[in-house]
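Each residue of the sequence shown is one higher than the one before, starting from 98 at the first, in my numbering. Don't be surprised by glycine CBs; every beta carbon is placed ideally from N, CA and C. On a predicted model such as this, the values are computed, not experimentally measured, just so you know.
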Amino acid sequence: MMIQKTGYILILATFMLQACRNDELIQEQETEILTELDIVDWGAETHGNNVTPNYNVVFKQNEILRFDVKISSENWEAMQSDLSQNIGSNSGPGGQGGPGSLTDFDPIWVPCSFYFNNTEWYKVGIRFKGNSSLQSSYRRGVRKLSFKLDFDQYEDDYPVIENQRFYGFRQLNLKNNYDDASLMREKVASDLFYEFGLASPQTTFCVVYVDHGSGPQYFGVYTLVEEVDDTVLGSQFGNESGNLYKPDGTAATFAGGSFNESEMEKKNNEEQADYTDVLALYNALNNSDRQTDIEQWKNSLNAVFNVDIFLKWLAANTAMQNWDTYGKMTHNYYLYCNPSNSLLTWIPWDNNEALQEGKQGGTLSLALTEVSNQWPLIRYLVDVQEYEKHYQDYLFEFINDVFLQSKMNATYTNYYNLLKEHAYAEESGYTFLSNDASFDNAVETLKSHAQQRTDKVLGYLD
């Protein structure tokens, strides 16, 4: 018995000694990594995870932020090769290569050094982002492409940067203001939704410089956009535990026969293969009670979907105009099952095509009479007199409280003065501007658009 105990103690001692050695080895490895990365700028408020996201620093208004990105030439070439293989060759700067045959793909991540206010963030994940805008820009030879940033993408490879954040933010989006000579539409539209009481990402203007081996290259004016599945849920809902979806594809219409879990992309809680909330919305929306017992249909729908928020978004979206979203296109929104009321709630996304008549047949009419049953969230709701009245009331509220002509003129003038120097500095091959005057004219067009839309809404409601 004593021999067995002694053997056990020896084994335990050996195990503990090995554990200590392992800890020492890990510490040595982390020290080596620390030395290799030459981390000198790390701070709890700037890089740490245990801080509240600092919107005052990251989303400053009335100031242009500057971001510098440094990527090794090898990694930059890998990013270019990835685009070439998945999109095809471009037509060179100033070319006319249109979108052609578009195919969804996920661009590769590479590490970069990220600089802001003379401070470095280490091994930050960066990749190109976008679908048709990415492919069209690339094929036209415009190198001003959108980026996604993930500040702890490489924490497994470099444990010393575990949970690295950018003033409390894990992911951020650098949107390239695709095909927008005003450089403002992404920001202004998102801000209008937020001001109208909808959940919508925070935004600010920034300029981006990229060094991929030959020194910093000015990539132009970007819009920094908050990531929905990072901080929007916590800051605007107060709880991020509910399911978040980014529908894309036919199922995003919610039309009869369209439901498909694979097109209801989950942005969180992925390990839980639970789609009962979006399935409940699909079933309630397409239930035959709509034709036989409208009150029962409304009660079932209101039990799973925040109808009021959707009608509010629909009014704002239709009043300001935005063709690249629900009712015309099967993407560019999120659905969040808000834990406070268990209702799926609409969150608008990707607004660079807003505030204009639009492409591919233009935007929806204010009366929405042309919208078919293939877009039941609009058609079925507006067919109900009570909901149509709510929609019309929100149209009036939006143009009188948020989209006021005097207010919009002041906003556009302020942003024009803020951006002018940086817009004029954009370079050929890194811009969607044909010349300086195109920026000036685009801002004036936005001012005229605000008055035209107010007149249109008032004429429709009269």
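Cut-off 6 Å between Cβ atoms - residues of its own chain near residue 487, not counting five sequence neighbours on either side: 408
Please classify residue 135: is it buried, with 16 or more other beta-carbons within 10 angstroms of its beta-carbon, or exposed? exposed
So, residue 502 versus residue 547, is the Cβ gap smaller than 9 Å? yes
Alpha helix (DSSP H) segments (min. 4 residues) lying fully within the stretch 279-339: 282-292 and 330-334
Going by the CB atoms, is the gap between residue 290 and residue 437 shorter than 9 Å? no
Measuring CB atoms only, is the stretch 344-362 touching the stretch 296-310, in the sense that at least three cross pairs come out at less than 8 Å? no
Could you check which residue in 325, 215, 397 and 431 has the C-alpha nearest to that of residue 360? 431
Residue 162 and residue 304 - do their beta-carbons sit closer together than 9 Å? yes
Grouping DSSP H, G and I as helix and E and B as strand, with all else coil, what is residue 149? coil
Range covered by the beta strand (DSSP E) that runs through residue 556: Not the beta strand (DSSP E): residue 556 falls in the alpha helix (DSSP H), residues 533-558.
With H, G and I counted as helix, E and B as strand and the rest as coil, what does DSSP make of residue 426? coil
Which of the three DSSP states is assigned to residue 127 in this structure? Because residue 127 carries a pLDDT of 38, less than 50, the predicted location of this residue cannot be relied on, and no value is offered for it.
Could you pull out every residue in the same chain whose Cβ sits closer than 6 Å to the Cβ of residue 390, ignoring the five residues on either side in sequence? none
For residue 485, which residues in the same chain have their Cβ closer than 7 Å to its Cβ, ignoring the five residues on either side in sequence? 479
Exposed or buried, which one is residue 539 when buried takes at least 16 other CB atoms within 10 Å? buried
Could you tell me the distance, in whole angstroms, from the CA atom of residue 282 to the CA atom of residue 448? 7 Å
If residue 475 and residue 443 are in contact, beta carbons under 8 Å, what's the gap, nearest whole angstrom? Their Cβ separation, rounded to whole angstroms, is 12 Å, which puts residue 475 and residue 443 out of contact at 8 Å.
Using 9 Å as the threshold, is the C-beta distance between residue 364 and residue 322 below it? no
Which runs of the alpha helix (DSSP H) fall wholly inside the stretch 402-485 and span at least 4 residues, in chain order? 404-417 and 473-479
When the Cβ atoms of the stretch 304-320 are set against those of the stretch 151-167, are three or more pairs found closer than 8 Å? yes
Buried or exposed: which applies to residue 559, given that a residue is buried once 16 or more other Cβ atoms fall within 10 Å of its Cβ? exposed
From the DSSP secondary-structure annotation, give me the bridge partner or partners of residue 516. None, per the DSSP bridge assignment.
If I follow the unbroken beta strand (DSSP E) through residue 379, where does it start and stop? Counting along the chain, residue 379 falls outside any beta strand (DSSP E), though it belongs to the alpha helix (DSSP H) covering 373-382.
Cβ of residue 240 within 8 Å of any heavy atom in the ligand SAM? The ligand SAM is not part of this structure, which contains no ligands at all.
Can you find at least 3 beta carbon pairs, one from the stretch 262-277 and one from the stretch 146-162, that sit closer than 8 Å? yes
Pick out whichever of 260, 284 and 239 has its Cα sitting closest to the Cα of residue 315. 239
Determine the direct distance from the alpha carbon of residue 543 to that of residue 505, and round the result to whole angstroms. 9 Å
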